[in-house]
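**Student:** Would you mind keeping the following structure in view while I ask a few things?
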Amino acid sequence: MTAVHHIPAQPADFPFAPDSLALVVIDMQRDFLLPGGFGESLGNDVALLRAVIDPLAALLAAARAAGIPVIHTREGHLPDLSDCPPAKLLRGNPSHRIGDAGRFGRILIRGEYGHDIIDELAPAEGEFVIDKPGKGAFYATELSDVLVRNGIRHLLITGVTTEVCVHTTVREANDRGYECLVVSDCVGSYFPEFQRAGLAMIAAQGGIFGWVADSAAVRGALESAFSPIPAQ
Ligand code: TIU
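FYI, the numbering for the sequence shown is 1 to 232, going by full-length UniProt numbering.
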């Protein structure tokens, strides 16, 4: 039987088996993180999300060194928008709507430059990239199959934004029986108050749908669980 390891976390230590752990990186796309993309078209200051990049790059490197599976997601739609519900397309008053021409190609459209992941966190060969039309990573995607096929039960969740795609994905995962630890400095929001409240909601009520820890705690646990970390 695989030994159980722990990450110091809120509201309590996060138990995991090394062979069932994966790192999930949600929607670290140019459309959300660069000026001129979808995030800014919604009226947001994208600079607030960029604080996530350095700690997440370090965690990604640690996950790769430990050899745990890495799963990236990208929010976006088919060029004909047939997978974009009218409610999502027409809601609000953005300067550019999904599918409009933007600085990095058509906004939030698969295959466009802006839809892809930022250079700093580009997926490595063999890592999973899940394209999702919704906010949650399970809805209308192959994520469940990837997790089952690879025996993954424990998820380290990172990416953007904390209160939208991260929360939706954690709630979806929790309902399906996955144990989720959200890495506090590797998730970001355009709204500091949502960042605080979003993280607090996860760990409140005894960890109502997950655990929260910072990346230093996670990296420390990876180093001891996977020691000696194989040379790259
Ligand atoms: N607008 C916002 O906060 N988020 C999104 O639209 N998508 C994700 O969170 N990825």
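Think of the CB as a built atom: it goes at the ideal place given N, C-alpha and C, for glycine as much as any other residue.
As the structure is a prediction and not an experimental result, all values here were calculated from the model.
Within a Cβ cutoff of 6 Å, which residues of the same chain sit near residue 42, ignoring the five residues on either side of it in sequence?
**Tutor:** Excluding sequence neighbours, residue 42 sits near 94.
**Student:** Between residue 165 and the ligand TIU, is the CB less than 6 Å from at least one heavy atom?
**Tutor:** At least one heavy atom of the ligand TIU is nearer than 6 Å to the Cβ of residue 165, so yes.
**Student:** Does the Cβ of residue 74 have 16 or more other Cβ atoms within 10 Å, making it buried, or fewer, making it exposed?
**Tutor:** Looking at its Cβ environment, which holds 16 or more other Cβ atoms inside 10 Å, residue 74 is buried.
**Student:** In terms of alpha-carbon separation, which member of 205, 124, 175 lies closest to residue 136?
**Tutor:** Considering only alpha carbons, the answer is 175.
**Student:** In terms of residues, what are the limits of the beta strand (DSSP E) holding residue 158?
**Tutor:** Looking at the DSSP string, the run of the beta strand (DSSP E) that includes residue 158 is 154–160.
**Student:** In the DSSP assignment, find the unbroken alpha helix (DSSP H) run with residue 40 in it and report its ends.
**Tutor:** Element bounds for residue 40: 38–41.
**Student:** In whole angstroms, give me the CA-to-CA distance for residue 119 and residue 204.
**Tutor:** About 35 Å.
**Student:** In this structure, what does DSSP give as the bridge partners for residue 188?
**Tutor:** Paired residues: 160.
**Student:** Measuring alpha carbon to alpha carbon, tell me which of 177, 165, 58 ends up nearest residue 219.
**Tutor:** The candidate whose alpha carbon is nearest that of residue 219 is 58.
**Student:** Is residue 116 near the ligand TIU, judged by its Cβ being under 6 Å from some heavy atom?
**Tutor:** No, the Cβ of residue 116 stays beyond 6 Å of every heavy atom of the ligand TIU.
**Student:** Is it buried or exposed, residue 30, if we count other Cβ atoms within 10 angstroms and call 16 or more buried?
**Tutor:** So residue 30 counts as buried.
**Student:** Report, in whole angstroms, the separation of the C-beta atoms of residue 65 and residue 207, which I expect to be a contact under 8 Å.
**Tutor:** Going by Cβ atoms, the distance from residue 65 to residue 207 rounds to 28 Å, so no, they are not a contact pair.
**Student:** Using only the alpha-carbon positions, how far apart do residue 110 and residue 84 sit?
**Tutor:** The alpha-carbon atoms of residue 110 and residue 84 are separated by roughly 12 Å.
**Student:** At a cut-off of 6 Å, would you count residue 45 as near the ligand TIU, judging by its Cβ distance to the nearest heavy atom?
**Tutor:** Answer for residue 45: no, Cβ out of range of the ligand TIU.
**Student:** Write down the C-beta distance between residue 27 and residue 159 rounded to the nearest angstrom, noting that I regard them as a contact closer than 8 Å.
**Tutor:** Yes, they are in contact, since the Cβ atoms of residue 27 and residue 159 sit about 5 Å apart, within 8 Å.
**Student:** Assuming residue 202 and residue 170 make a contact with CB atoms under 8 Å, what is their CB distance in whole Å?
**Tutor:** With a Cβ gap of about 7 Å, residue 202 and residue 170 count as contacting.
**Student:** Measuring only from the beta carbon, is residue 112 closer than 6 Å to any heavy atom that is part of the ligand TIU?
**Tutor:** Not so, every heavy atom of the ligand TIU lies at least 6 Å from the Cβ.
**Student:** For a test of your reading of the model: does the CB of residue 40 fall under 6 Å from any non-hydrogen atom of the ligand TIU? Yes or no.
**Tutor:** No, Cβ of residue 40 sits at least 6 Å from all heavy atoms of the ligand TIU.
**Student:** Identify, in the order they occur along the chain, each residue of the same chain with its Cβ nearer than 6 Å to the Cβ of residue 81, setting aside the five sequence neighbours on each side.
**Tutor:** 99.
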